[in-house]
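Chemist: Pasting a structure below so you can have a look.
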Amino acid sequence: MSTETATYPTKPNPPERSDSSSSSSLDNQEMHAPIPTRPRLPSRKSSGTLIVPRDSIEVGPIDHEYEPDDVRAMSPRRTSEDLENLGREAREELHRHARALQESLLMLFNRIEAVREEHDKLDSNNKFLQKYIGDLMSTSKITSSSSRGRK
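Under this note's numbering, the sequence shown has 36 at position 12, and the numbering climbs by one with no breaks.
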């Protein structure tokens, strides 16, 4: 009976590189460390189901109590008084803006009325001048035809 020893394959040595600054191949192998191998990951247990019943106490926000000097307790939360002041200021600003818009609308309306009156006045003057020119033309035709007949 012969005993055989099992031989496991080993990683081959990396090929030698020719480097003009190295003196021999033994020096080159001593300079490079062997390539490390990655350890195996341990097996993990299942995390189980992620479905939680609706009535479970684990569902919903968790209320935290913070100390007064904790940074998380110093958030800019507003009190009801602050909210009332903000609401009042917003309403006042809206009223001021509405008044300004109403005043500008009234100014536009007055300007439109003034332009309309000016237009009507110019239109009536234009009609008067057209009638006057028409009358002058008709009288000039009458006078020019009567002066031809006399000659």
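Just so you know, even glycine gets a beta-carbon here, dropped at the ideal spot from N, CA and C.
Under 8 Å Cβ to Cβ from Ser80, same chain only, skipping five residues before and after it: list those, please.
Modeler: Against the sequence shown, residue 80 aligns to sequence position 56. Correct list: empty, nothing qualifies.
Chemist: Secondary structure at Ile86, three-state DSSP: helix, strand or coil?
Modeler: The residue labelled residue 86 in the question sits at position 62 within the sequence shown. Ile86 falls in the coil class under three-state DSSP.
Chemist: For Asp144 and Lys155, I'd like the C-alpha separation in whole angstroms.
Modeler: Taking the sequence shown and counting its residues from 1, the one referred to as residue 144 is at position 120. Taking the sequence shown and counting its residues from 1, the one referred to as residue 155 is at position 131. If I take the Cα positions, the gap works out to 16 Å.
Chemist: Where Leu125 and His119 are concerned, what is the direct C-alpha to C-alpha distance, given to the nearest angstrom?
Modeler: Looking up residue 125 in the sequence shown gives position 101. Looking up residue 119 in the sequence shown gives position 95. Rounded to the nearest angstrom, the two C-alpha atoms are 10 Å apart.
Chemist: Straight-line CA distance for Ser46 to Lys69?
Modeler: Here the question's residue 46 lines up with position 22 in the sequence shown. Here the question's residue 69 lines up with position 45 in the sequence shown. Any reading at Ser46 is ruled out, since the residue's pLDDT is 47, under 50, leaving its predicted position unreliable.
Chemist: Leaving out five residues on either side along the sequence, give the residues of the same chain with a beta carbon under 7 Å from the beta carbon of Glu82.
Modeler: Within the sequence shown, numbered from 1, the residue matching residue 82 stands at position 58. Correct list, in chain order: Val76.
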